[in-house]
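In the working numbering, the protein residues as written are 7 to 408.
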């Protein structure tokens, strides 16, 4: 086995969470030191030998699976591969989305309005960095085409062509979910709503189109299941490796999120606060193990029972901040939507997408990192609403002259 040191000096731009950097470095070390090791095996040299770790057990597995492969393929450092991957996704999705939006919008003024707001979203996305950018990129790329092709569709031939498009889109959304959990869920709700209620084809065809989208989404999930099985089989054969039942943290995030407001419970949005709570109840519980999550789940439930007013006020404070963000980014489009309502199917699609993407800020923290998808949908909603309002106003003006 080749002795390699993990490069802790690798620079990641845009920013990437340190824990994810460690996973990437451990994955690349394993890839170079032991080529026979399957993906998502992390290795790190220690004083007592090599330490093994199952990557993707407590965090999303997509990045430590894909990025080391990209780095090796192109002979790049992990930092360079991350920068290339991030800006490739950003530029491709924005180019596609801008093209689609310019075809969808009819008012030149609204097109300029949209581009100016998109610039703000771009700056925010680069500043936030990490895998959080995916939800915004997907929305910006896909929403214009969904609105253009899945509203008032009556052409059967076009409907058949949509089968392949939706299956391919589902695969992309599935990989996005592997990289960042639920990065595409709000967008999928948006598209399914349009397919269900905005198309003028039979219900059977609508169900087939939705099934095509969902089957595509499941393909990467089934594939990653085989990757996880290979990883676990390899690690279970390593001397000294102790398999731990782990899961993506949920109650850990909820518990930390209760520290949004100043409080007398010592709660704050810090990992160590949640870990300290668990240590008091179950000192030997591993981070993100089922036992760890159960302790925090019970702690949240107990707090709700003990002080429901505090919990409600915390949620209301988060909701208020999210509402402010919506008003800032939807701005005049919100007034346009009130004055000139769009078809209810489109309104419902936006409400579901916005509502789902707001949950991350409501349940955890209303930070830009958790709300990039929400902000992207707010900007899209604003532009679509304003363009539709101007169209309706022009039609009324023409009708009044006749």
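Glycine included, each C-beta is placed from N, C-alpha and C at the ideal position.
Everything numeric in this text was worked out from a predicted model, so none of it was measured.
Any contact between the segment 304-319 and the segment 356-376? By contact I mean 3 or more CB pairs, one from each, below 8 Å.
Contact between the segment 304-319 and the segment 356-376 is not established, with fewer than three Cβ pairs separated by less than 8 Å.
Nearest to residue 360 by alpha carbon, out of 245, 382 and 374?
Of the candidates 245, 382 and 374, the one whose C-alpha sits nearest the C-alpha of residue 360 is 382.
In angstroms, rounded to a whole number, what distance separates the CA positions of residue 294 and residue 64?
Residue 64 has its alpha-carbon roughly 6 Å from the corresponding atom of residue 294.
Tell me the DSSP secondary structure of residue 49 in three-state form.
Strand at residue 49.
Starting from the Cα of residue 83, find the closest Cα among 51, 309 and 30 and give me that residue.
Comparing Cα-Cα distances from residue 83 to each of 51, 309 and 30, the minimum goes to 30.
Cβ atoms of residue 110 and residue 154: under 9 Å apart, would you say?
Residue 154 places its beta carbon less than 9 Å from that of residue 110.
Quick check on DSSP: helix, strand or coil for residue 25?
The answer is helix: DSSP assigns residue 25 an H, G or I state.
Where are the alpha helix (DSSP H) runs, 4 residues long or more, that stay fully inside the segment 244-328, in chain order?
You should have 257-263, 277-287 and 296-312.
When you compare each of 121, 115, 274 and 309 to residue 105 by their alpha carbons, which one comes out closest?
For the residues 121, 115, 274 and 309, the minimum Cα distance to residue 105 belongs to 121.
What distance in whole Å lies between the Cβ atoms of residue 20 and residue 132, which are believed to be in contact at a cut-off of 8 Å?
Cβ atoms of residue 132 and residue 20 come within 8 Å of each other, at about 5 Å.
Any idea what DSSP makes of residue 62, helix, strand or coil?
Taken through DSSP and simplified to helix, strand or coil, residue 62 comes out as coil.
Return the bridge partner residues of residue 367 from the DSSP annotation.
Beta-bridge pairing links residue 367 to no other residue.
Determine the contact status of residue 45 and residue 74, defining contact as a CB-CB distance below 9 Å.
The Cβ atoms of residue 45 and residue 74 lie closer than 9 Å to each other.
My output table needs one value for residue 55: the three-state DSSP class, helix, strand or coil.
In this structure, residue 55 counts as strand in the three-state DSSP scheme.
Taking the alpha-carbon positions, what's the residue 12 to residue 279 distance?
Here the model assigns residue 12 a pLDDT of 44, short of 50, so the residue's position is not dependable and the matter cannot be decided.
Cβ atoms of residue 397 and residue 113: under 9 Å apart, would you say?
A contact, by the Cβ cut-off of 9 Å.
Nonlocal neighbours in the same chain, by C-beta distance under 8 Å from residue 288, ignoring five residues either side
These residues qualify, in order along the chain: 297, 298 and 301.
For a quick check, are the C-beta atoms of residue 145 and residue 193 less than 9 Å apart?
Contact annotation: residue 145 and residue 193 have beta-carbon atoms nearer than 9 Å.
When 72, 17 and 408 are compared against residue 233, the one with the closest alpha-carbon:
It is 72.
Taking 8 Å as the threshold, find out whether the segment 223-240 comes into contact with the segment 174-181 through three or more Cβ pairs.
Yes, since at least three Cβ pairs between the segment 223-240 and the segment 174-181 fall closer than 8 Å, the two stretches touch.
Three-state secondary structure (DSSP) at residue 161?
Here residue 161 sits in coil by DSSP.
Taking buried to mean at least 16 other C-beta atoms within 10 Å of its own C-beta, is residue 284 buried or exposed?
Here residue 284 is buried. Its C-beta has 16 or more other C-beta atoms within 10 Å.
Looking at residue 205 and residue 269, is the spacing between their C-beta atoms short of 9 Å?
Going by C-beta atoms, residue 269 is not nearer than 9 Å to residue 205.
Do the CB positions of residue 197 and residue 156 come within less than 9 Å of each other?
In this structure, residue 156 lies closer than 9 Å to residue 197 by Cβ.
Closer than 6 Å by C-beta to residue 160: which residues in its own chain qualify, once you throw out the five before and the five after it? Chain order, please.
Cβ neighbours of residue 160 beyond the five flanking positions: 206.
Near residue 102, what residues of its chain come up, given a Cβ to Cβ distance below 6 Å and the 5 sequence neighbours on each side ignored?
Result list for residue 102: 147, in chain order.
Determine whether the beta carbon atoms of residue 47 and residue 237 lie at a separation below 9 Å.
Against a cut-off of 9 Å, the Cβ pair of residue 237 and residue 47 comes out as a contact.
Residues in the same chain with beta-carbon distance under 7 Å from residue 392, minus the five sequence neighbours each way, listed in chain order, please.
Excluding positions up to five away in sequence, the list reads 116, 119, 338, 339 and 342.
Note down, in chain order, each residue of its chain lying with its Cβ closer than 8 Å to the Cβ of residue 200, except the 5 sequence neighbours on either side.
Within its own chain, the residues whose Cβ lies closer than 8 Å to the Cβ of residue 200, once the five positions on either side in sequence are excluded, are 152, 153, 156, 157, 351, 352 and 355, listed in chain order.
Bounding residues of the alpha helix (DSSP H) (the contiguous stretch that carries residue 75)
Segment 68-80, the alpha helix (DSSP H) holding residue 75.
What number of angstroms, rounded off, separates the C-alpha of residue 260 from the C-alpha of residue 362?
Their backbone Cα atoms lie some 16 Å apart in a straight line.
Distance, Cα to Cα, residue 328 vs residue 364?
Put simply, the backbone Cα of residue 328 is about 7 Å away from that of residue 364.
CA-CA distance, residue 322 and residue 266?
One C-alpha to the other measures close to 11 Å.
Could you work out which residue in 336, 213, 95 and 171 is closest to residue 136 when comparing CA atoms only?
The candidate whose alpha carbon is nearest that of residue 136 is 95.
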